[in-house]
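Below is one structure; the comments refer to it alone.
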Amino acid sequence: MLKFDILTIFPNMFTGPLNESILKRAQDKGLINIDINDIRSFAQNKHNNVDDSPYGGGAGMVMKPEPIFRAVEDVKSKEGKVIFLSPQGKTFDQKLAKELAKEDHLILLCGRYEGVDERVRKEVVDEEISIGDYVLTGGELSAMVVIDAVARMIPGVLGTHQSAIEDSFYHGILDYPHYTRPRKYRDLEVPEVLLSGNHQKIDAWRKKEALKRTLLRRPDLLDEVELTIDEKELLNEIKEEMEN
Ligand code: 9WO
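As structure tokens, this is what we get:
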């Protein structure tokens with residue numbers, strides 16, 4: 000059972016996305032547990048302020064340290080790992096999702112405004128993660144991305160047939176093209192090989208299409224993966240075909 004504790008000043012943002020479909024079922028099955036904690040409920044001053052103007056001046060506001068320290072102390076367990084979502088973090092990828100799925104307790108700290116008091120980063124944050132090189136209005140949407148990607152790596156969260164399909168990024172290359180009925184739609188036909196019933200040929204075609212896509216769109220991924228002899232052969236076929 001992996002426990003997620005979210006720390007946010009916008010708890011309502013999470014209720015929709017985390018309570019539908021696969022994440023809902025994973026919680027119902029007791030494979031994951033998600034608690035949403037409102038940082039504002041840990042504010043102590045008269046107006047429950049969680050932000051204040053920056054020392055040194057400048058525009059905007061900074062999240063105050065006290066409510067965050069208190070919120071983390073409230074949810075923290077001895078195995079708890081505190082993750083801060085920010086553009087300054089280490090880039091999130093499938094490998095990191097798989098690693099985090101082995102943890103017992105992840106505490107996801109979502110910032111807002113122009114940032115969080117640096118003493119939070121120094122004292123309570125264990126890992127800083129970015130989901131990509133862009134700025135959002137806060138860490139909440141990125142926390143949901145991390146939860147989704149981590150949860151689906153936990154055994155039992157995906158159905159057995161889905162976990163076989165999950166291979167696409169798992170093996171480090173892009174997915175192959177998918178088709179379903181009808182066989183012909185507005186003159187657009189399904190590739191003949193997929194209708195052949197020859198599963199060896201189908202597997203080879205899919206592997207080749209996946210490699211083709213990866214070579215064309217994300218050649219950088221091919222430097223990272225260990226290809227089998229068959230896959231290297233397919234890749235050479237593709238390169239030769241592309242020269243013609
Ligand atoms: C806002 C801002 C406004 C004016 C000048 C500078 C500024 N910096 C920021 C800013 O970085 N705000 C962050 C908003 C503070 C931390 C939480 N926020 C956030 C997290 N935005 N984007 C992310 C994020 C998290 C993970 N992966 C990608 C982006």
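Sequential numbering from 0 applies to the sequence shown in numbering that gives the first Met the number 0. The C-beta atom is built at its ideal place from N, Cα and C for all residues, glycine as well.
| Cβ-heavy atom distance, I21 to the ligand MG, below 7 Å | This structure lacks the ligand MG; its bound ligands are the ligand 9WO.
| query | Taking the alpha-carbon positions, what's the R39 to G15 distance? | reply | For this step, residue 39 is matched to residue 40 along the sequence shown. For this step, residue 15 is matched to residue 16 along the sequence shown. About 20 Å.
| task | Just tell me which of V145, D132, F41, E127 has its CA closest to the CA of F3. | result | Taking the first residue of the sequence shown as position 1, residue 3 is located at position 4. Of the listed residues, the one whose Cα sits closest to F3 is V145.
| Is it true that the CB of M62 sits closer than 8 Å to the CB of G138? | Reading the sequence shown from its first residue, position 139 is the one you call residue 138. Reading the sequence shown from its first residue, position 63 is the one you call residue 62. Not a contact, by the Cβ cut-off of 8 Å.
| query | Could you check where the alpha helix (DSSP H) with T14 kicks off and where it finishes? | reply | Translated into positions along the sequence shown, residue 14 becomes position 15. According to the DSSP assignment, T14 belongs to the alpha helix (DSSP H) that extends over 11-17.
| request: Would you kindly report the start and end of the unbroken alpha helix (DSSP H) that includes P86? | output: Walking along the sequence shown from the start, residue 86 turns up at place 87. Looking at the DSSP string, P86 is not in any alpha helix (DSSP H); the run it does join, the beta strand (DSSP E), is 80-90.
| request: Just mark L187 as buried or exposed, buried being the case when its beta carbon has 16 or more other beta carbons within 10 Å. | output: Taking the sequence shown and counting its residues from 1, one reaches residue 187 at position 188. Under this definition L187 is an exposed residue.
| field | Local conformation of N197 per DSSP, three classes | value | Taking the first residue of the sequence shown as position 1, residue 197 is located at position 198. N197 falls in the coil class under three-state DSSP.
| Residue range of the beta strand (DSSP E) that includes F41 | Counting from 1 along the sequence shown, the entry for residue 41 is found at position 42. From DSSP, F41 is part of no beta strand (DSSP E); its letter is neither H nor E.
| said: Any contact between the stretch 14-28 and the stretch 45-55? By contact I mean 3 or more CB pairs, one from each, below 8 Å. | reply: Contact between the stretch 14-28 and the stretch 45-55 is not established, with fewer than three Cβ pairs separated by less than 8 Å.
| said: Taking a contact to mean a Cβ-Cβ separation below 8 Å, would you say M0 touches I33 in this structure? | reply: The sequence position of residue 0 within the sequence shown is 1, counting from 1. The sequence position of residue 33 within the sequence shown is 34, counting from 1. Not closer than 8 Å, so no.
| Can you give the beta carbon distance from D50 to M60, rounded, assuming they're within the 8 Å contact cut? | Here residue 50 is taken as the residue at index 51 of the sequence shown, counted from 1. Here residue 60 is taken as the residue at index 61 of the sequence shown, counted from 1. Contact flag correct, Cβ pair sits at about 4 Å.
| task | Determine the direct distance from the alpha carbon of D222 to that of N18, and round the result to whole angstroms. | result | Residue mapping note: residue 18 aligns to position 19 of the sequence shown, counting from 1. Residue mapping note: residue 222 aligns to position 223 of the sequence shown, counting from 1. If you draw a straight line from the Cα of N18 to the Cα of D222, it is about 38 Å long.
| message | Per the DSSP calculation, S129 is bridged to which residue(s)? | response | Residue 129 sits at position 130 when you count from the first residue of the sequence shown. Bridge partners of S129: T90.
| said: Let me check you understand the geometry: is the CB of R111 closer than 7 Å to at least one non-hydrogen atom of the ligand 9WO? | reply: As a working mapping, residue 111 is identified with position 112 in the sequence shown. Checking every heavy atom of the ligand 9WO against the Cβ of R111, one is found closer than 7 Å.
| request: Give a single yes or no on whether Y133 has its beta carbon closer than 7 Å to a heavy atom of the ligand 9WO. | output: Counting from one through the sequence shown, the residue named residue 133 turns up at place 134. For Y133, the Cβ falls inside the 7 Å cut-off from some heavy atom of the ligand 9WO.
| Cβ-heavy atom distance, G56 to the ligand 9WO, below 7 Å | Along the sequence shown, read from residue 1 onward, the residue named residue 56 stands at position 57. False, no ligand heavy atom lies under 7 Å from that Cβ.
| request: Helix, strand or coil for N235, going by three-state DSSP, please let me know. | output: The residue you call residue 235 lines up with position 236 of the sequence shown. Helix.
| query | Apart from the five residues on each side of it in sequence, which residues of its chain come closer than 8 Å, Cβ to Cβ, to D37? | reply | The sequence position of residue 37 within the sequence shown is 38, counting from 1. Taken in chain order, the residues that qualify are T7, I8, P10.
| task | State the Cα-Cα distance for the pair E208 and L173, rounded to the nearest angstrom. | result | Stepping through the sequence shown from its first residue, residue 208 is reached at position 209. Stepping through the sequence shown from its first residue, residue 173 is reached at position 174. So the two alpha carbons sit approximately 9 Å from each other.
| query | Is M60 helix, strand or coil when you go by DSSP? | reply | As a first step, residue 60 must be located in the sequence shown, where it is residue number 61. Annotated three-state conformation of M60 is coil, per DSSP.
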